[in-house]
Amino acid sequence: AAKKNGRNGYSWFESGMEVELRSRNSLEGDIRAAIPNDEFVPYFEQQIDLNTGELVGFEMLARWVSPVRGLISPDDFIPVAEETGMIGDLSLSIIRKAMIEAKNWDPKLTISVNISPVQLKDPWLAQKIVKLLVETGFPASRLEVEITESSLFKNLSLAQSIVGSLKNQDIRIALDDFGTGYSSLAHLRALPFDRIKIDRSFVSSMFENAESAAIVSAIAGLGASLDVPITAEGIEDEESIAKLKALGCTKGQGWYFGQPMNIDQVRTMLTQKDLITNRRRHSNSEAV
Ligand code: C2E
Ligand code: MG
Ligand code: MG
Ligand code: MG
Numbered sequence: 254a255a256k257k258n259g260r261n262g263y264s265w266f267e268s269g270m271e272v273e274l275r276s277r278n279s280l281e282g283d284i285r286a287a288i289p290n291d292e293f294v295p296y297f298e299q300q301i302d303l304n305t306g307e308l309v310g311f312e313m314l315a316r317w318v319s320p321v322r323g324l325i326s327p328d329d330f331i332p333v334a335e336e337t338g339m340i341g342d343l344s345l346s347i348i349r350k351a352m353i354e355a356k357n358w359d360p361k362l363t364i365s366v367n368i369s370p371v372q373l374k375d376p377w378l379a380q381k382i383v384k385l386l387v388e389t390g391f392p393a394s395r396l397e398v399e400i401t402e403s404s405l406f407k408n409l410s411l412a413q414s415i416v417g418s419l420k421n422q423d424i425r426i427a428l429d430d431f432g433t434g435y436s437s438l439a440h441l442r443a444l445p446f447d448r449i450k451i452d453r454s455f456v457s458s459m460f461e462n463a464e465s466a467a468i469v470s471a472i473a474g475l476g477a478s479l480d481v482p483i484t485a486e487g488i489e490d491e492e493s494i495a496k497l498k499a500l501g502c503t504k505g506q507g508w509y510f511g512q513p514m515n516i517d518q519v520r521t522m523l524t525q526k527d528l529i530t531n532r533r534r535h536s537n538s539e540a541v
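Read left to right, the sequence shown gives residues 254 to 541 (UniProt numbering).
Okay, here's the thing in structure tokens:
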């Protein structure tokens, strides 16, 4: 990123670094100010049963809606929140908002939330998530927690104990972005995953790239032999659905089904599909 800012001769690196440091400091300050301002919100991406075409739930994706910076992607603010120790509280506050909202949906609809590797170093993480369930009244059985393999790389035994506590509470665990990062098949044995998510990079290049197609097929086969259901991310066309179904992927998500939606858009969609319940209990829980 430093390189991008460089223009003139030998000093490009230094000046680029300076620009980067300054913008990172101001980003950190802006994030701190944005938290009490309620600028971090959940967006929701549909998850579809590929065999029936039915909506089965949503992945919650964090967004920063900044009046100054615009709509900011988690790839831009999560790393800063991780480095500065803000990620834990920030993440839980967004998950809380998602639970309060999702409590009003049809009970068959689940939510999946992403947990950062840094959060998996917190021995109290499971208790904190359970506390949110109690406070919001959202049922554990409708919650799935997505973790990536890089989380396991740092401290496997702590991750195992957190995952164990979550599973004891009836919360499901998905292995996210499988096939990228520090992949090891041993991880599949070390932790009792309820689901494996194939990374979008493989799914979206399945038809142009023989290696990607082979990897998708191998992960689907692995899921079938281990009896772990597979979700495909990044589905952008109908052609992919047919292929993924043939390979045995049961669930999918991606822009073909729709872009991630904000709370108002989800409410509109679910109202049209008659999948909203409990409007009155909802306003009560928000007032508390
Ligand atoms: P992820 O968990 O793998 O989420 C999927 C990402 O792929 C999302 O990007 C989503 O918008 C994008 N995506 C989904 N379908 C398609 C598609 O068909 N085509 C394309 N081009 N993209 C698609 P997003 O929302 O920018 O999130 C990026 C990453 O940020 C997520 O990857 C996740 O690792 C992380 N993240 C998101 N929300 C949170 C959060 O609340 N906490 C933590 N720790 N990480 C989060
Ligand atoms: Mg995810
Ligand atoms: Mg993913
Ligand atoms: Mg991914």
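Just so it is clear, CB atoms sit at the ideal spot from N, CA and C, and this is done for glycine as well.
For ligand 2, a non-hydrogen atom lies closer than 8 angstroms to the CB of Lys450. DSSP, reduced to helix, strand and coil, places Gln512 outside both helices and strands of the structure shown, so it counts as coil.
Taking 8 angstroms as the cut-off, the C-beta of Glu492 does not count as close to any heavy atom of ligand 2. Residue environment: Trp377 is assigned as exposed (fewer than 16 neighbouring CB atoms within 10 Å of its CB, all protein chains considered).
When beta bridges are read from the DSSP output, Gly323 appears opposite Ser319.
Distances between the C-beta of Pro392 and the heavy atoms of ligand 1 are all 8 angstroms or more.
Within the segment 330–378, the runs of beta strand (DSSP E) at least 3 residues long that lie entirely inside it are, in chain order, 363–367. Secondary structure in the segment 457–527: the beta strand (DSSP E) runs of 3 residues or longer, each lying completely within the stretch, are 483–485 in chain order. Rounded to whole angstroms, Ile347 and Gly390 show a C-alpha spacing of 16 angstroms.
Relative to the non-hydrogen atoms of ligand 3, the Cβ of Glu397 never comes closer than 8 angstroms to any of them.
If the five residues before and after Ser458 are omitted, its C-beta is found closer than 6 angstroms to the C-beta atoms of Ser465, all from its own chain and listed in chain order. Linking Arg442 to Phe311 through their CA atoms gives a straight-line distance of about 27 angstroms. In this structure, the C-beta of Arg453 approaches ligand 1 to less than 8 angstroms from one of its heavy atoms.
Distance check between Met313 and each of Asp423, Asp517 and Asn367 places Asn367 closest, using alpha-carbon atoms only. In this structure, Ile424 places its C-beta atom within 9 angstroms of the C-beta atom of Ala393. Within the chosen limit of 8 angstroms, ligand 2 reaches the beta carbon of Glu312 through at least one heavy atom. Looking only at Gly474, Val416, Ala463 and Arg453, the smallest Cα-Cα distance to Asp447 is reached by Val416. For Glu486, the shortest C-beta to heavy atom distance toward ligand 3 is below 8 angstroms. Beyond the five residues adjoining it in sequence on each side, Ser404 comes within less than 7 angstroms, by CB distance, of Pro370, Leu373 and Ala412 in the same chain, given in chain order.
Taking C-alpha positions only, Ala287 is separated from Glu281 by approximately 10 angstroms. As summarised for the segment 395–451, the continuous alpha helix (DSSP H) elements at least 4 residues long and confined to that stretch are 402–407, 409–421 and 438–443, given in chain order.
In this structure Glu292 touches Val318 by the C-beta definition: roughly 5 angstroms separates them, less than 8 angstroms.
Assignment of beta-bridge partners to Leu308 by DSSP yields Ile301. Straight across, the Cα-Cα distance linking Glu402 with Ser414 is about 15 angstroms. Look at the beta carbons and you see the segment 509–519 touching the segment 484–492: at least three pairs across the two are nearer than 8 angstroms. Between Ala379 and Ser437, the beta carbon gap of about 23 angstroms keeps them out of contact (Cβ cut-off 8 angstroms).
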